[in-house]
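Chemist: Residue numbers (our numbering): 3 to 264.
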Ligand SMILES: C[S@@+](CC[C@H](N)C(=O)[O-])C[C@H]1O[C@@H](n2cnc3c(N)ncnc32)[C@H](O)[C@@H]1O
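What follows is the structure in structure tokens.
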């Protein structure tokens with residue numbers, strides 16, 4: 003089964019780890035070269051954490067944010083975008099060819115990556131760039147536990163017999179994208195130190211606004227509490243708490259920068 007969420011994002015919970023979530027966006031941006039004329043599109047811009055860096059790096063380009071979450075876009079409105087559009091990335095189309103489509107932590111929510119990245123690349127101006135970062139954390143305990151606990155506790159709603167990870171290994175993206183242009187692909191595992199929390203487990207506080215959403219969205223309040231408690235307890239073994247209450251949380255992300263021919 004696929005696990006997606008119908009409900010809107012919670013920008014407040016998401017922004018708790020702004021620094022840790024921004025770092026991969028900056029690592030992605032660092033690999034983007036100079037651009038031809040055309041807009042810079044922040045696809046899945048969320049609450050706009052990358053806006054300042056994109057503006058500084060490409061001051062002569064219009065900066066456009068696109069996201070399908072009204073709650074996230076409302077916060078992004080305070081950032082330095084020239085325009086913000088509410089749209090589903092699966093059907094969104096630019097009005098003029100962008101020089102850069104920059105997408106940090108969106109595309110793992112979207113299916114059929116060969117079709118998706120072909121489609122996005124087709125929109126981009128000659129010599130432009132498609133730059134993408136996606137978490138690839140699905141086989142880590144933080145995410146495996148979400149699936150196993152949900153299936154065990156609520157088998158009427160969850161089963162993962164034919165489930166496939168939404169994000170492929172880096173080599174698959176290198177093979178998939180090299181016919182389209184010059185592509186750099188890499189993977190990084192960040193060792194994130196999550197601060198102590200008053201209640202529950204720090205890793206749950208991190209996944210709560212992202213990976214955990216599609217699971218709890220299918221539960222009522224009492225079920226959410228049971229599930230959250232079971233998840234907090236289970237996380238303690240793979241992610242032991244340090245003396246100061248913090249936790250070291252390895253997190254894997256895959257990146258690619260595709261430069262299209264001029
Ligand atoms: C993990 S957040 C990343 C936000 C931002 N790029 C960042 O770096 O913090 C994922 C964002 O993708 C958006 N999103 C998810 N599915 C989408 C879709 N189908 N179309 C457009 N945006 C989508 C969500 O609303 C959310 O703001």
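Idealized CB from N, CA, C, for every residue including glycine.
My understanding is that residue 102 touches residue 34, with C-beta atoms under 8 Å, so please give their C-beta distance in whole angstroms.
Modeler: 6 Å
Chemist: Using three-state DSSP, classify residue 3 as helix, strand or coil.
Modeler: Its pLDDT being 47, under 50, residue 3 is placed unreliably by the model, and nothing is read from it.
Chemist: Would you report the Cα separation of residue 235 and residue 14, rounded to the nearest angstrom?
Modeler: Spanning the alpha carbons of residue 235 and residue 14 requires a straight line of approximately 24 Å.
Chemist: In its own chain, which residues sit with a C-beta less than 6 Å from the C-beta of residue 189, not counting the 5 before and 5 after it?
Modeler: 172 and 256
Chemist: Alpha carbon to alpha carbon, how far is residue 221 from residue 158? Give it in angstroms, no decimals.
Modeler: Rounded to whole angstroms, residue 158 to residue 221 spans 11 Å at the Cα level.
Chemist: Compare the Cα-Cα distances from residue 176 to each of 98, 258 and 21 and report the closest residue.
Modeler: For the set 98, 258 and 21, the Cα lying nearest the Cα of residue 176 is the one of 258.
Chemist: Any chance you could list the beta strand (DSSP E) runs of at least 3 consecutive residues sitting entirely within the stretch 179-206, in chain order?
Modeler: 184-196
Chemist: Does the distance between the C-beta of residue 56 and the nearest non-hydrogen atom of ligand 1 fall short of 6 Å?
Modeler: no
Chemist: Grab the span of the beta strand (DSSP E) containing residue 254 for me, first residue to last.
Modeler: From DSSP, the beta strand (DSSP E) with residue 254 extends over 249-261.
Chemist: Sort 31, 246 and 162 by Cα distance to residue 132 and report the nearest one.
Modeler: 31
Chemist: If the criterion is Cβ atoms closer than 7 Å, does the pair residue 269 and residue 36 meet it?
Modeler: The question about residue 269 has no answer, for the chain in this structure spans 3 to 264.
Chemist: Do three or more CB pairs link the stretch 74-90 to the stretch 138-149 at distances below 8 Å?
Modeler: no
Chemist: Nearest to residue 60 by CA position, among 12, 104 and 217, is which residue?
Modeler: 104
Chemist: Which word fits residue 116, buried or exposed, when buried means at least 16 other C-beta atoms lie within 10 angstroms of its C-beta?
Modeler: exposed
Chemist: Is there a C-beta anywhere in chain C that falls below 7 Å from the one on residue 55?
Modeler: The structure shown contains no chain C; it is built from a single protein chain.
Chemist: Residues in its own chain within less than 7 Å of residue 22 by CB, not counting five upstream and five downstream?
Modeler: 194
Chemist: Where does the unbroken alpha helix (DSSP H) through residue 53 begin, and where does it stop?
Modeler: Start and end: 53-59.
Chemist: Could you have a look at residue 77 and say whether DSSP puts it in helix, strand or coil?
Modeler: helix
Chemist: Using a threshold of 7 Å, state whether the C-beta atoms of residue 74 and residue 110 are closer than that.
Modeler: Contact: no.
Chemist: Hey, how far is the Cα of residue 3 from the Cα of residue 28?
Modeler: In this prediction, residue 3 has a pLDDT of 47, which is less than 50 and means its spatial position is unreliable; what the coordinates show is noted afterwards. Looking at the two C-alpha atoms, the distance is approximately 33 Å.
Chemist: Give the C-beta separation of residue 20 and residue 51 to the nearest angstrom, bearing in mind that I take them to be a contact with Cβ-Cβ under 8 Å.
Modeler: 6 Å
Chemist: The beta strand (DSSP E) with residue 243 in it runs from where to where?
Modeler: Premise fails: residue 243 is in no beta strand (DSSP E) and is neither H nor E.
Chemist: Which residue wins for smallest C-alpha separation from residue 260, given the options 128, 62, 162 and 204?
Modeler: 128
Chemist: For residue 251, which residues from the same chain have a beta carbon less than 8 Å from its beta carbon, with the 5 sequence-adjacent residues on both sides left out?
Modeler: 144, 193, 194, 195, 196, 204, 205, 208 and 241
Chemist: Who does residue 211 pair with in a DSSP beta bridge?
Modeler: DSSP lists no partner for residue 211.
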